[in-house]
Structures are given as structure tokens and as C-alpha cells.
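In the working numbering, the protein residues as written are 270 to 443.
Note that the Cβ used here is the ideal one computed from N, Cα and C, for glycine as well.
For reference, the structure is listed below as C-alpha cells.
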Ligand code: S3P
């Protein structure tokens, strides 16, 4: 059975960076749902969400997820932070791959996201609001993220994270 590797976790947790590296190590294609959406709409994701709203984005996100699942090759897939947090998506992810949750501490997320102007959902938040947003959203999303069979702390180097994922994958497959 084709089993994709889905990286899940909050914005700024390191999914794309880890995903690219892991895909190279495993010799599988790397896919990023946010980039696939951008390719499809031929527009920057931030502009799209600001213009068309989050609901339109979530619909596209689900369509792209279905396409990824149907793709022929087993891939390492970095997913948008909110993607697993919708019932049908979680089901699709669990049925079609192995989920890896990169669990990055809130302070690290805060420092990474503080001066980030590429993510529309946190645009215009001041420091206090951003801290609260991370804390509230992460608590809300954690039950979805926790369904992953592999959980890795994101507060490490990329090499360490990837080698831990590979070890855990081997254990899981044995
Ligand atoms: C989102 C996370 C983003 C992107 C969109 C919405 C979210 O992806 O999908 O801005 O709801 O957390 P990253 O997790 O790659 O930043």
C-alpha cells in the first residue's frame, strides 16, 4: 500500500524545512500543500486568503489534499498548519499515510512567527495578541495533531529531527 508521510503541526513548527530534508534522505518526492495551492491558483496564498477568505482556502486545501493522496508516488508531504484540523481531512490523512507531528514549543513558535509577514491569519497581531493566538489555537488543534503515530519535538536541529523520524519510522514498520 502506498503510504505517504504527512508532516503536521502548527505554523512555524518546521514542517517544510524538515520535509524537504527528509524527502531527500528517503529519496521520495517532497510536496507542500500550501505551494500546491499557490501553483493551482497562480497567486500568492496570503493574497488569496485576504481576498477570498479562509473558507475558500480550506475548500482548496481539501481538494489539493485529495490530489496528493491520489498521486502515484509515495511522497513526503508538508501540510498547512490548519489542514489536519477538519474532520474529513484527518480521516483522509490517517487512511492514506503515516502522520508525523512536529511539536514545537510555544516560545519557539512565537519567536519564529513574530516578524513573519507571510501568514495572513496572524497578520497585524501585536506581541500579546500573537502569544495568545498561538496558545489558544494550539490547544484547539492539539487533539488533531496528537492523532499522529510519530511525535517529535521541534526544538532541535533539522538533522536530529530527521534522524529521530527515521528511527521511529523503522520501529513502526518493524
Ligand atoms: C495556516 C497555516 C499556513 C497556511 C495558511 C493557514 C493555519 O501553513 O496553510 O496560512 O491555519 O495554520 P503553515 O503551517 O505552513 O504556515
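Per DSSP, cross-strand counterpart(s) of residue i
| i | result |
| --- | --- |
| residue 257 | There is simply no residue 257 to check, as the chain begins at 270 and stops at 443 in what is shown. |
| residue 346 | 275 and 300 |
Presumed contact (8 Å Cβ cut-off) between residue i and residue j, rounded CB distance
| i | j | result |
| --- | --- | --- |
| residue 416 | residue 359 | 6 Å |
| residue 343 | residue 272 | 6 Å |
| residue 289 | residue 279 | At roughly 18 Å, the Cβ-Cβ gap does not stay under 8 Å, so residue 289 and residue 279 are not in contact. |
| residue 368 | residue 338 | At roughly 13 Å, the Cβ-Cβ gap does not stay under 8 Å, so residue 368 and residue 338 are not in contact. |
| residue 287 | residue 371 | 6 Å |
| residue 413 | residue 354 | 5 Å |
| residue 331 | residue 357 | 7 Å |
Reference residue i; option with closest CA among the options
| i | options | result |
| --- | --- | --- |
| residue 296 | 318, 281, 346 and 326 | 346 |
| residue 398 | 412, 382, 321 and 410 | 382 |
| residue 318 | 390, 419, 403 and 438 | 390 |
| residue 375 | 276, 274, 283 and 275 | 283 |
| residue 323 | 424, 436, 349 and 365 | 349 |
| residue 426 | 404, 351, 440 and 377 | 377 |
| residue 303 | 438, 351 and 436 | 351 |
| residue 341 | 281, 320, 424 and 365 | 365 |
| residue 392 | 285, 277 and 316 | 316 |
| residue 293 | 435, 395 and 407 | 435 |
| residue 388 | 441, 313 and 329 | 313 |
Where the beta strand (DSSP E) through residue i begins and ends
| i | result |
| --- | --- |
| residue 299 | 299-301 |
| residue 277 | 273-277 |
Unbroken alpha helix (DSSP H) run spanning residue i, endpoints
| i | result |
| --- | --- |
| residue 288 | 284-295 |
| residue 397 | 396-414 |
| residue 425 | Looking at the DSSP string, residue 425 is not in any alpha helix (DSSP H), and its letter there is neither H nor E. |
| residue 358 | 356-365 |
| residue 324 | 323-339 |
| residue 381 | 375-382 |
Contact test: residue i Cβ vs the ligand SAH heavy atom, cutoff 7 Å
| i | result |
| --- | --- |
| residue 351 | Absent from the structure shown: the ligand SAH. Ligands present: the ligand S3P. |
Inset, instruction - Could you tell me whether the segment 298-318 touches the segment 415-431, where touching means 3 or more Cβ pairs closer than 8 Å? - result: no
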